[in-house]
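Here the protein sequences line up with chains H and X, keeping their order. Residues in the first sequence are numbered from -8 upward in steps of one, following the numbering used here. Residues in the second sequence are numbered from 977 upward in steps of one, following the numbering used here. C-beta atoms are modelled at their ideal positions from N, C-alpha and C, and glycine is treated no differently. Computed from a predicted model, the values in this text were never measured in an experiment. Data block below; observations after.
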Amino acid sequence: MTLVTATKRSAPDAPRADGDRRSPGHGAWFLVLPALIPILLLSVGPLLYGILLAFTDAQSGRTAPTRWIGALNFRDLLHDTLFWESFRIGLVWAVGVTVPQFLLALGLALLLNEDLRLRWLARALAIIPWAMPEVVVGIMWRLVYNPDAGVLNETLRGLGLGDGRDWLSGLATALPAVIVVGVWAGMPQTTVALLAGLQGTPRELHEAAAMDGAGAWRRFRTVTWPALRPVALSITALNFIWNVNSFALVYVLTSGGPGGRTRLPMLFAYEEAFRYGQFGYAAAMGCVMVAVISVLLALFLVGRLRGDDDT
Amino acid sequence: MRTSRQARAGQYLALLAYLVFLAFPFLWLVSTAFKSPRELGSLHPTWIPRHPTLDNFRQAFDEQPLLHAALNSLLAALAAALIAVLVATPLAYVMARHRTGLARVATGWVVVSQAFPLVLVIIPLFLVLKNLRLINSLPGLVMVYVVWALPFALWMLVGYVRAVPAELEEAAAVDGAGRVRTLVSVTAPLLAPGLVATGLFAFITAWNEFFFALVLLKTPEKQTLPVVLTHFIGAEGVADLGPLAAAAFLATLPSLVVFAVIQKRITGGMLTGAVKA
Chain H
-8 MTLVTATKRS APDAPRADGD RRSPGHGAWF LVLPALIPIL LLSVGPLLYG ILLAFTDAQS
52 GRTAPTRWIG ALNFRDLLHD TLFWESFRIG LVWAVGVTVP QFLLALGLAL LLNEDLRLRW
112 LARALAIIPW AMPEVVVGIM WRLVYNPDAG VLNETLRGLG LGDGRDWLSG LATALPAVIV
172 VGVWAGMPQT TVALLAGLQG TPRELHEAAA MDGAGAWRRF RTVTWPALRP VALSITALNF
232 IWNVNSFALV YVLTSGGPGG RTRLPMLFAY EEAFRYGQFG YAAAMGCVMV AVISVLLALF
292 LVGRLRGDDD T
Chain X
977 MRTSRQARAG QYLALLAYLV FLAFPFLWLV STAFKSPREL GSLHPTWIPR HPTLDNFRQA
1037 FDEQPLLHAA LNSLLAALAA ALIAVLVATP LAYVMARHRT GLARVATGWV VVSQAFPLVL
1097 VIIPLFLVLK NLRLINSLPG LVMVYVVWAL PFALWMLVGY VRAVPAELEE AAAVDGAGRV
1157 RTLVSVTAPL LAPGLVATGL FAFITAWNEF FFALVLLKTP EKQTLPVVLT HFIGAEGVAD
1217 LGPLAAAAFL ATLPSLVVFA VIQKRITGGM LTGAVKA
């Protein structure tokens, strides 16, 4: 308890008497360098180098020197129907995972916020998808979707709903099938964030609203949602970005098949770079992905700022 | 607030549906891992193996160098966790205690780095590591993992540093202790639980990582567990289900155990992140 009050008092915004000790420069550089050097060398540097590569004809195993080719890669990308197809699939995947994931997680978080008996079990189970390596999640769902030995088809057969199909190899079913896995894998994280947000809402507000005769939906709209909104928006934006960039899950489930129906942009770029050695071209794809994500993030930030004005 | 009996029943029904959705794939994985080949070939698979067997585990170890891969994963993850915490702690301290431009840039980088498509970073890294002859080597992979784990590690650590009252440090300063001495003898002991949690988080991140390992590690004797697991799935996507399930089940156990220990702390770190992002 004392810890909490002390932290509050020493909030960074509070005016400080000992300006000297807080001032930058005084030993700060020597504390920053251990992290700064690897970040610059292995993260910022490669990112900039990657953007440069997008304007070259870099290939793996080529003896001729790499040449600067300007925007040629981007012009080729513009006409690459396979890339735009994977781009479209990536958007369907990212929206298809993020939206149901949010709604399901919101439902679960609201349930877990009530005094229900099996709450602890749900919390314990929620750890499983979160802690599992993505590769294992993919393998596990391959077992579930297996046409013969899988539990899904067997359950459907038991319920008398057809005699099963090969979900991951079907042209129509592959993308929905991997989307379900994406939702399953990311739901716990979203649930926990929303639950923590819910627990920040004062109970008295709910009770006051209930006294005024507000129904469940009204209470949700007027009390719960306004308090939850910042957390909800942030976690949704993060989920969306993570989903746009995801790789391992779908690589293990379908490797992008059948017939490219689940070839997310990351899988496409990976193949282009490390199967066909087209480093420059793949880097250009990465640049397009960065650009799209930045635009979406900017829109999100603008929307969020505007929302803050409303409240 | 009183909830009607019908509403309660509805809530329990919904919770049950969630429990089934969350649990059934994992239960199926475990069940498959202990099934005999005959049962796996049966057209009507059952939830509980009729003749539970450990053969799948033995076969999994025979087919792929699982033990060696697990050792590689363990080494890479331990090294990455240790270095990440050592490197991140001083910067996190500066970010938490100073409002300098540098701290702000670092915070901005933590947010922005979440949005990089990995492919844009891995191609140049691949070229650089190749020139340094660090392709197909664990040290090269560890370097990448350290930087990759840094954003979230920083985020967690900044929270822990803020929870240590600055008054304690000031008191030590008044008593004449220098900056380093204050950090080591006053701040660090109070941070210890946070350092452990952050390290464990970095450990799981590296243990579970797949993309970098797939690109950077070429030969089976260098590969980590997630990469070796994919070898169980043949070229045509055909897999020997029993050993595949057994190996996948084993690979999950360490992260489940570690995660159960630090779950609350990760949640805390994630929440501060989600609220402030």
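Members of the segment 119 to 135 of chain H that neighbour chain X once the beta carbon cut-off is set at 9 Å: I119, P120, W121, A122, M123, P124, E125, V126, V127, V128, G129, I130, M131, W132, R133, L134 and V135
Is the Cβ of X:S1113 closer than 8 Å to any Cβ of chain H? no
Give me, in chain order, the residues of the same chain whose beta-carbon lies closer than 8 Å to that of X:R981; leave out the 5 immediate sequence neighbours on both sides. none
Within a Cβ cutoff of 7 Å, which residues of the same chain sit near X:T1083, ignoring the five residues on either side of it in sequence? M1071
Tell me, to the nearest whole angstrom, how far the beta carbon of X:I1111 is from that of X:L1192; I am working on the premise that it is less than 8 Å. 6 Å
Touch test, the segment 1034 to 1054 of chain X against the segment 1174 to 1182 of chain X, Cβ-Cβ under 8 Å, three pairs minimum: yes
Three-state secondary structure (DSSP) of X:A1091: helix
What number of angstroms, rounded off, separates the C-alpha of X:V1137 from the C-alpha of X:V1160? 13 Å
Any chain B beta carbon closer than 8 Å to X:T1083: Included in the structure are the protein chains H and X, with no chain B among them.
Span separating the alpha-carbon of X:L1003 from that of H:W216: 35 Å
Please state if the CB of X:G1210 and the CB of X:L1016 are separated by a distance shorter than 8 Å. no
Below 8 Å on the Cβ atoms is my guess for H:A49 versus H:G271; work out the distance and round it to an integer in Å. 4 Å
Do you know how far the Cα of X:A1129 is from the Cα of X:L1062? 11 Å
For H:S285, is the classification buried or exposed, using 16 other Cβ atoms within 10 angstroms of its Cβ as the cut-off for buried? exposed
Please go through the same chain and pick out, in chain order, the residues whose beta-carbon is closer than 6 Å to the beta-carbon of X:V1204, but skip the five residues on each side of it. Q1040 and A1045
According to a CB-to-CB cut-off of less than 9 Å, which residues of the segment 1175 to 1194 of chain X neighbour chain H? I1180, W1183, N1184, E1185, F1186, F1187, L1190 and V1191
Could you name the residues of chain H that X:N1119 contacts, counting a contact when the two beta carbons are closer than 9 Å? A small fix is needed here, since residue 1119 of chain X is Met in this sequence, not Asn. Those are P29, L32 and L33, listed as they occur along chain H.
For H:G16, does the count of other Cβ atoms within 10 angstroms reach 16, so buried, or fall short, so exposed? Residue confidence for H:G16 is low, a pLDDT of 46 falling below 50, so the modelled location carries little weight; the figure read from the coordinates is stated next. Burial call: exposed.
Please classify X:W1124 as buried or exposed, where buried requires at least 16 neighbouring CB atoms within 10 angstroms. buried
Can you list the residues of chain X that H:F270 reaches, using a CB-CB cut of under 9 Å? I1099, P1100, F1102 and L1103
DSSP three-state label for X:V1251, please. Any answer about X:V1251 is weak, because its pLDDT of 44 lies below 50 and its placement is not dependable; what the coordinates show is given next. X:V1251 falls in the helix class under three-state DSSP.
Is the shortest distance between the beta-carbon of X:Q1035 and the beta-carbons of chain H less than 8 Å? no
Quick check on the DSSP output: the alpha helix (DSSP H) that includes H:E125 runs from which residue to which? E125 to Y136
Look up H:T54 in the DSSP assignment and say whether it is helix, strand or coil. coil
Say whether chain H places a C-beta atom closer than 8 Å to the C-beta of X:V1137. no
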